[in-house]
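Report on the structure given below.
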Amino acid sequence: MSTVKLTAEQREEILRDNWNSHDARWYLKVAQELGFDVANRLNHIVIRSMGKTEMKRLAQAVGVEKVRDVQELLEVFDMMMELYFPQQVYRQRIEHKKRFRSTVTKCFVAEMVLQAGAADVYDCACAARFEGWLAALGLEGGVSIERSMLWGEPTCEIVFRIAKW
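Using numbering that gives the first Met the number 0, read the sequence shown as starting at 0 and increasing by one per residue.
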């Protein structure tokens, strides 16, 4: 057999897919052992913590020391989304100098949860992840899910509020 080399894109996709599979299996095993309430609670804790780590690594890699306004924050978030969720379809809209909204029209997590028939027991942890991203950048604020495909909505609407820059 001749040696086949993976492209950087193939390696990245395999690593991302393996991480997503690990995450899903971890959640499922915790749910089977301890129930969905515990799995959801622990998932939020772990995902927020992982979000901080993800953002710290990206910020260090691209030299981001401080985000000064919502436009800079959106640029950093776009880099994170491209890295971790390249298949996700979303748009971001600035609503105020301290608030923006992401509208998601394609989310692989929602697709997998819906396909598994688990929307009634799974509590989406994306807000926790995004809160970790904000915390890693030293920003105070909050993230709320106002609409979700997991609730039968056609899109997810996620609102980001920054308390202070």
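Beta carbons are placed, not taken as given, at the ideal position from N, Cα and C, and that holds for glycine.
Contact set for residue i: own chain, Cβ-Cβ below 6 Å, skip 5 residues either direction
| i | result |
| --- | --- |
| R100 | R92, E94 and V158 |
| G131 | R47, G50 and K51 |
| R160 | R98, G140 and G141 |
Secondary structure of residue i, DSSP reduced to three states
| i | result |
| --- | --- |
| R40 | helix |
| S48 | helix |
| E74 | helix |
Terminal residues of the alpha helix (DSSP H) in which residue i lies
| i | result |
| --- | --- |
| E130 | C125 to A135 |
| L113 | F107 to Q114 |
Nonlocal neighbours in the same chain, by C-beta distance under 7 Å from residue i, ignoring five residues either side
| i | result |
| --- | --- |
| K29 | Reading off the sequence, residue 29 comes out as Val, not Lys. Excluding residues within five positions, the ones whose Cβ falls inside 7 Å are V37, A38 and L41. |
| K163 | E139 |
DSSP bridge partner residues for residue i (one or two, in chain order)
| i | result |
| --- | --- |
| H21 | None, per the DSSP bridge assignment. |
| Y26 | According to DSSP, Y26 bridges with nothing at all. |
| T102 | R90 and E156 |
| R146 | E156 |
| I161 | G140 |
Range of the contiguous beta strand (DSSP E) that encloses residue i
| i | result |
| --- | --- |
| F84 | Looking at the DSSP string, F84 is not in any beta strand (DSSP E), and its letter there is neither H nor E. |
Same chain, Cβ closer than 8 Å to residue i, neighbours up to 5 away in sequence not counted
| i | result |
| --- | --- |
| F107 | N19, F84, Q86 and Q87 |
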